[in-house]
Structure formats: C-alpha cells, structure tokens
Amino acid sequence: MSRKPKKGYFVRGKFVAEGSELDIELKAELKGTTESSKSDLKKEMDALQDLGKELLTLRSDLFNRLQLPEILVNALAEAKRITNFEGKRRQMQFVGKLMRRLDEGEVAAINAALTEQKEGSGIEKALLHASEQWRDRMIADDDAVAQWINEAPQTDIQQLRSLVRQARKDMPGAHEANVQESTGQAARKGRAYRELFQLVRDHVMAAHAARLQASAADVDASDED
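Numbering that gives the first Met the number 0 applies: residue 0 is where the sequence shown begins, and numbers increase by one.
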C-alpha cells in the first residue's frame with residue numbers, strides 16, 4: 000500500500016516534516032524562544048520514546064494493522080531481542096529517534112491501538128459474546144454442534160464433542176439448581192466448560208483476523224490498480 004506523503008516544507012532545499020525536531024527548532028528560532036523550545040522538544044522526545052516502549056507490548060494483530068515504516072518495525076524487533084541493559088537503552092534511543100519521524104496521524108493510530116488493547120474494542124467484546132453464545136448453544140443442543148462443525152470444519156471434532164459431553168455432565172442437575180436458587184450461590188462451571196469457550200473463542204478470533212487480512216489484501220490490490 001502506498002504511504003501518504005508527509006506534511007512539511009522546504010528550507011534551503013531541505014524538506015522539513017511538520018512536527019519533526021528540525022521543524023520545532025526552526026519555529027523556535029523565528030519566535031525567539033529557542034531555550035524554552037528545547038525544553039519542550041526534550042519532553043516530546045521522551046514521550047515518543049516512551050510510546051516506542053509501549054509498542055513493544057502491543058499485540059501482533061494490532062501492531063501489524065498500524066503498517067509502520069519497515070525501519071521502525073525492525074528496530075522494535077531488535078529491541079525485543081536485546082537483553083543487555085545498556086544495549087537495550089541505546090536501541091530504545093534509536094527507536095525514539097525513528098518515532099519522531101512519524102506524522103501526527105501515525106502517532107494517533109499508535110495511541111488508539113494501545114487504548115484498544117488496554118480497554119478492549121467493541122468488536123472484540125462482540126466476538127467474545129458470540130463465543131459465549133456458541134458455547135452455551137452447543138451444550139444445550141446437538142444441532143448447534145453440527146452447525147458449528149459445518150461453519151468451522153477445521154475444528155478438532157473429537158475434542159469438541161468430548162468437551163461438550165463433559166460440560167453437559169458438569170452442569171448442575173435439578174436438585175443442585177434448586178439449592179442454587181435457595182442459597183443465591185452461582186453454579187460452579189467445570190473445566191470442560193471453560194476449555195470449550197477457549198476453543199470456540201480461538202476459532203472466532205482467528206476467523207475475524209482472516210477476514211481483516213482478506214479485506215486489507217483487497218485494498219492493496221485496488222491501490223495497485
């Protein structure tokens with residue numbers, strides 16, 4: 000996918016990107032506020048370096064969606080591999096330098112991805128809810144199991160049926176349900192109940208990721224055309 004051109008201007012034949020270190024210095028010189036600008040610049044540099052550190056913790060699907068410059072992607076990958084304290088510190092300084100080359104839109108996208116990871120997106124919550132519904136439907140009805148297998152044939156069918164059978168056995172009986180109602184205590188769910196949800200969730204999330212990749216591929220193809 001072609002990258003949009005950065006906003007900026009030319010000074011003495013040299014391109015200066017808006018928001019870059021040089022841009023801030025030039026504007027400070029025009030305003031006669033060089034010293035205060037240097038302090039602001041240092042804060043901005045530190046903030047971007049800290050943002051680079053947070054990128055190291057970003058989930059791969061969210062990270063890949065950002066489509067960051069290759070040099071920054073490689074620098075972050077190298078930072079993950081380095082275990083020496085001083086070596087990692089120097090590498091993160093380099094990452095911070097590369098972060099300052101990003102435009103405002105790219106920085107905003109990074110912050111949005113980090114927020115999505117921390118808080119969970121509406122789409123992710125919807126997918127988790129759908130996974131819960133599939134699990135409960137399959138425990139309640141064999142037809143739902145057959146429908147799941149038809150829609151997700153790559154599932155390990157033997158494992159699926161085994162988990163469904165065990166989850167049904169672990170469900171509280173009529174007497175236990177009455178006790179639960181009288182005591183106000185929620186029924187404890189067994190291990191199979193949790194593992195069935197995990198199996199379904201993994202397939203639902205993988206299918207969603209595949210759809211996103213297919214959409215991105217379609218966009219790339221249309222851009223090339």
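Glycine included, C-beta positions come from ideal geometry on N, C-alpha and C.
Just so you know, these numbers come straight off a predicted model, no measurement behind them.
Item to check | Cβ shell of Q90 (< 8 Å), same chain only, five flanking positions each side left out | outcome: Walking along the sequence shown from the start, residue 90 turns up at place 91. Here the set comprises A74, E77, A78, I81.
Checklist entry - Using a Cβ-Cβ cut-off of 6 Å (strictly less than) and excluding sequence neighbours within five positions of L113, which residues of its own chain qualify? => result The sequence position of residue 113 within the sequence shown is 114, counting from 1. Same-chain partners within the cutoff: E53.
Item to check | A76, enclosing alpha helix (DSSP H) - first and last residue | outcome: The sequence position of residue 76 within the sequence shown is 77, counting from 1. Taken as a continuous stretch (DSSP letters only), the alpha helix (DSSP H) holding A76 covers 69–80.
Checklist entry - DSSP on K13, reduced to helix/strand/coil? => result What you label residue 13 is simply residue 14 of the sequence shown in a count that begins at 1. Here K13 sits in strand by DSSP.
Next on the checklist: Starting from N83, trace the alpha helix (DSSP H) in both directions and tell me its first and last residue.
Outcome noted: Translated into positions along the sequence shown, residue 83 becomes position 84. Taken as a continuous stretch (DSSP letters only), N83 belongs to no alpha helix (DSSP H), as it is neither H nor E.
Next on the checklist: Does S130 pass the burial test, meaning 16 or more other C-beta atoms within 10 Å, or should it be called exposed?
Outcome noted: As a first step, residue 130 must be located in the sequence shown, where it is residue number 131. By the beta-carbon neighbour count (other beta carbons within 10 angstroms, threshold 16), S130 is buried.
Item to check | For M137, the nearest candidate out of G86, A191, L50 (CA to CA) | outcome: Sequence index remark: in the sequence shown, residue 137 carries index 138 (1-based). Between M137 and the set G86, A191, L50, the nearest pair of CA atoms involves A191.
Item to check | As assigned by DSSP and simplified to three states, the class of G7 | outcome: Numbered from 1 along the sequence shown, position 8 holds the residue referred to as residue 7. In the displayed model, G7 falls within a strand according to three-state DSSP.
Checklist entry - Taking 8 Å as the CB-CB limit, is E118 close to chain D? => result Absent here is chain D; the protein component of the structure consists of one chain.
Checklist entry - Using the C-alpha atoms, what's the distance from I109 back to L47? => result Along the sequence shown, read from residue 1 onward, the residue named residue 47 stands at position 48. Along the sequence shown, read from residue 1 onward, the residue named residue 109 stands at position 110. Take the alpha-carbon of L47 and the one of I109: they are about 11 Å apart.
Checklist entry - My guess is that R134 and F62 are in contact by the Cβ rule of under 8 Å, so how many angstroms apart are they, rounded? => result Within the sequence shown, numbered from 1, the residue matching residue 134 stands at position 135. Within the sequence shown, numbered from 1, the residue matching residue 62 stands at position 63. F62 and R134 do not touch by the CB rule: their CB atoms are close to 29 Å apart, not below 8 Å.
Checklist entry - Thinking C-beta only, is A151 closer than 8 Å to H202? => result Here residue 202 refers to the residue found at position 203 when the sequence shown is read from its first residue. Here residue 151 refers to the residue found at position 152 when the sequence shown is read from its first residue. Yes, the pair counts as a contact, with Cβ atoms nearer than the cut-off.
Item to check | Outcome for S1 when other beta-carbon atoms lying within 10 angstroms are tallied against a minimum of 16 | outcome: Taking the first residue of the sequence shown as 1, we reach residue 1 at position 2. With a pLDDT of 48 at S1, under the threshold of 50, the modelled position of this residue cannot be trusted, and the question is left open.
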